[in-house]
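Numbering (our numbering), first residue to last: 23 to 634. One structure below.
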């Protein structure tokens with residue numbers, strides 16, 4: 023018997039298929055396939071293939087980009103003889119927005135992923151008690167929604183080297199009394215006459231249960247015992263053979279990758295995550311390390327997948343200091359602060375951008391993000407808040423150096439309403455600037471994409487930068503006037519009319535986030551702007567209020583970005599329908615952060631996997 027949800031989806035699919043046939047197919051045939059078809063595929067885009075498979079997940083991005091470009095009037099190109107009417111254009115956009123309803127119910131591609139550098143170091147710390155920095159020699163991951171799930175020969179050598187170093191630090195030297203970690207993992211010395219192989223089997227099973235984050239299979243235990251016996255065959259004593267077995271655990275795929283506890287039946291296409299894999303997925307999402315004893319115990323008794331228990335565990339994990347990992351892994355990437363440490367600034371113009379300043383900027387955003395999560399505040403607080411975290415170094419950029427001194431970061435109540443929230447945060451303002459000046463365009467794109475979730479088309483090719491404008495004409499102009507001159511290019515105008523007002527609304531903040539009333543040319547800052555819907559503003563405070571009022575957009579954007587991070591892949595197809603459902607729950611609870619996180623963790627894609 024079909025659920026009400028499934029019946030409603032089927033009805034919507036019937037309606038969308040009809041509209042798709044009547045509006046999208048003719049639009050594509052008339053205005054798109056000449057440049058994006060079988061004979062010619064500019065930019066690698068072929069609508070003749072995509073149009074035959076509406077709702078197929080791999081084409082989600084094709085249609086998302088088509089929506090953005092058609093909506094911005096970038097496509098069809100303005101010099102094309104055939105141009106759609108406003109009604110045709112809107113009809114196309116309306117149906118493309120609904121193609122998600124043609125997707126079949128599917129948790130999406132499942133990523134059995136390798137531990138990141140941070141996760142590997144943290145897991146070694148929890149398992150062996152060594153400093154997580156033991157993994158520092160591993161290369162950093164490239165930020166993104168997915169993770170590499172392969173191992174090169176060079177990486178294998180690096181993991182082996184790190185495993186050797188970790189064991190040297192954690193275990194006693196041969197002949198020395200065993201360490202506490204050694205006793206916990208490898209047990210006491212065997213009694214005289216004991217069956218050493220049987221004892222090794224017990225230790226292997228216990229080791230694998232901890233390190234693999236799930237009960238090991240009989241074959242996996244047998245493999246580890248074989249390593250122990252290899253050591254004995256090569257004249258290693260009992261302790262050294264156990265050490266060799268532990269080393270094998272630390273470089274095994276079962277340790278380096280998050281793997282299922284059991285294989286699914288061959289005829290199944292979609293299966294729920296087993297509780298042990300769910301425990302690992304949750305723990306690495308919120309703590310960037312292995313599950314603790316409580317999560318493991320719930321997984322062992324098969325209770326963790328129950329929604330009420332899972333939500334309670336989310337709350338528990340978020341209350342723990344280890345939950346700072348959510349900012350380091352997701353928050354810094356979302357806000358763009360992962361790049362701040364390496365970003366170049368003009369040292370003569372901005373001598374304040376020292377290592378200590380960059381650290382303080384990062385810590386301000388981290389502590390602020392943590393407070394929103396830990397105190398279960400609404401996502402609106404990311405934009406509209408009256409507090410932040412400062413030390414003496416960072417306070418100078420706020421003009422508060424007389425009231426906030428010393429190196430310690432502390433919570434500070436803000437009285438200037440232009441400050442507060444991520445739009446007025448120096449680290450973010452610096453990240454969205456050029457090395458020597460502000461960038462209203464970069465700041466506008468950042469607000470639209472990272473805060474409101476709007477997709478901005480890339481800049482068209484061969485458009486000159488501001489620096490390449492006529493020097494004589496530009497010499498006496500403010501940055502705003504130069505940008506508006508640049509905007510007279512019709513190709514640029516459609517996007518800039520939305521981007522520029524937002525960017526110039528933040529122009530009172532210089533390239534490292536200090537307040538100013540004049541720009542670099544000495545001209546007065548003009549922060550006046552208008553956004554779609556007749557929303558006017560003249561200060562950062564007023565701009566913040568307009569952005570904060572779009573709480574549905576903010577919450578959906580953050581939900582989508584966090585869900586993609588949690589799943590280690592881009593959202594596509596049926597994921598969008600899932601997010602629609604989550605938004606109803608999230609809205610009812612005032613868009614609170616812990617509700618968003620719990621909704622993602624208990625969602626269909628997070629708790630299920632498609633078998634490849």
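Even glycine gets a Cβ: it sits at the ideal position worked out from N, Cα and C.
**Report entry** Distance, residue 196 Cα to residue 468 Cα
**Finding:** 56 Å
Query raised in the report: Can you give, in chain order, each stretch of the alpha helix (DSSP H) that sits fully within the segment 38-69 and has at least 4 residues?
Result: 47-53
Query raised in the report: Does DSSP put residue 474 in a helix, a strand or coil?
Result: coil
Query raised in the report: Can you give the Cα-Cα distance for residue 117 and residue 603, rounded to whole angstroms?
Result: 20 Å
Query raised in the report: Apart from the five residues on each side of it in sequence, which residues of its chain come closer than 7 Å, Cβ to Cβ, to residue 81?
Result: Correct list, in chain order: 72 and 75.
Query - Segments assigned beta strand (DSSP E), at least 3 residues, entirely inside the segment 559-591 - result: none
Query - Whether residue 184 touches residue 203 by CB criterion (8 Å) - result: Not closer than 8 Å, so no.
Query raised in the report: residue 299 by DSSP, collapsed to three states: which one?
Result: helix
Report task. Using the Cα positions of residue 267 and residue 592, report the straight-line distance between them to the nearest angstrom. Result -> 38 Å
Requested in this report: Look at residue 297 and residue 260 and say whether their C-beta atoms are less than 8 Å apart.
Outcome: no
Query raised in the report: If you pair each beta-carbon of the segment 377-391 with each one of the segment 348-362, do three or more pairs fall below 8 Å?
Result: Touching, yes.
Query raised in the report: Within this structure, are the beta carbons of residue 573 and residue 402 separated by less than 8 Å?
Result: yes
Report task. Verify whether the separation of the beta carbon atoms of residue 278 and residue 301 is less than 8 Å. Result -> no
Requested in this report: Ignoring anything shorter than 4 residues or poking outside the segment 422-476, list the alpha helix (DSSP H) runs there in chain order.
Outcome: 448-453 and 462-468
Query - Proximity below 8 Å, CB of residue 243 to CB of residue 230 - result: Contact annotation: residue 243 and residue 230 have beta-carbon atoms nearer than 8 Å.
Query raised in the report: Does DSSP put residue 279 in a helix, in a strand, or in coil?
Result: strand
**Report entry** residue 551 - DSSP class collapsed to helix/strand/coil
**Finding:** strand
**Report entry** Separation of residue 597 from residue 288, as counted between CA atoms
**Finding:** 25 Å
Query raised in the report: Should residue 6 and residue 408 be called a contact, given that it needs their Cβ atoms to be closer than 8 Å?
Result: For the chain, the structure presents residues 23 to 634; residue 6 sits outside this window and is missing.
Report task. Take every Cβ of the segment 603-622, pair it with every Cβ of the segment 138-152, and state whether three or more of those distances are shorter than 8 Å. Result -> no
Requested in this report: Since I believe residue 415 is in contact with residue 382 (beta carbons under 8 Å), could you give me their beta-carbon distance rounded to a whole number of angstroms?
Outcome: Yes, they are in contact, since the Cβ atoms of residue 382 and residue 415 sit about 5 Å apart, within 8 Å.
**Report entry** Classification of residue 622 by the beta-carbon crowding that lies within 10 angstroms, buried from 16 upward
**Finding:** Residue 622 counts as buried, since no fewer than 16 other beta carbons sit within 10 angstroms of its beta carbon.
**Report entry** Where residue 170 falls, given that 16 or more other Cβ within 10 Å makes a residue buried
**Finding:** In this predicted model, residue 170 has a pLDDT of only 41, less than 50, meaning its place in the structure is not dependable; the value taken from the coordinates is given anyway. When all chains shown are included, residue 170 counts as exposed.
Query - Limits of the beta strand (DSSP E) - the one that residue 630 falls within - result: Segment 630-632, the beta strand (DSSP E) holding residue 630.
Report task. In the DSSP assignment, find the unbroken alpha helix (DSSP H) run with residue 92 in it and report its ends. Result -> 82-93
Requested in this report: Counting only the same chain and skipping the five closest in sequence on each side, list residues whose C-beta sits under 8 Å from that of residue 212.
Outcome: 218, 221 and 260
Query raised in the report: From residue 472 to residue 613, what does the alpha carbon distance come to, in whole angstroms?
Result: 17 Å
Requested in this report: Could you tell me how far apart the beta carbons of residue 524 and residue 565 are, in whole angstroms, since I believe they sit closer than 8 Å?
Outcome: 7 Å
Query raised in the report: What residue ranges within the segment 369-427 form continuous beta strand (DSSP E) runs of no fewer than 3 residues, ordered along the chain?
Result: 409-412
Query raised in the report: Are there three or more Cβ pairs, one per stretch, closer than 8 Å when the segment 449-459 is compared with the segment 547-557?
Result: no
Requested in this report: Say whether the segment 339-349 touches the segment 433-448, bearing in mind that this needs 3 or more beta-carbon pairs closer than 8 Å, one atom from each stretch.
Outcome: no
Report task. For residue 570, count neighbouring C-beta atoms within 10 Å of its own C-beta (all shown protein chains included) and say buried if the count is 16 or more, exposed if not. Result -> buried
Query raised in the report: Which of helix, strand or coil does DSSP assign to residue 202?
Result: Note: residue 202 maps to helix in three-state DSSP.
Query raised in the report: Leaving out five residues before and five after residue 167 in sequence, what residues of the same chain have Cβ atoms less than 7 Å from its Cβ?
Result: Summary for residue 167: the model assigns pLDDT 49, below 50, so the residue's position carries little reliability; its value from the coordinates is reported in the next sentence. 586, 587, 590, 591 and 592, listed in sequence order.
Query - Of the listed residues 410, 140 and 295, nearest to residue 432 (C-alpha basis) - result: 410
Report task. In the DSSP assignment, find the beta strand (DSSP E) that holds residue 599 and state where it starts and stops. Result -> Residue 599 -> not in any beta strand (DSSP E); alpha helix (DSSP H) instead, spanning 596-610.
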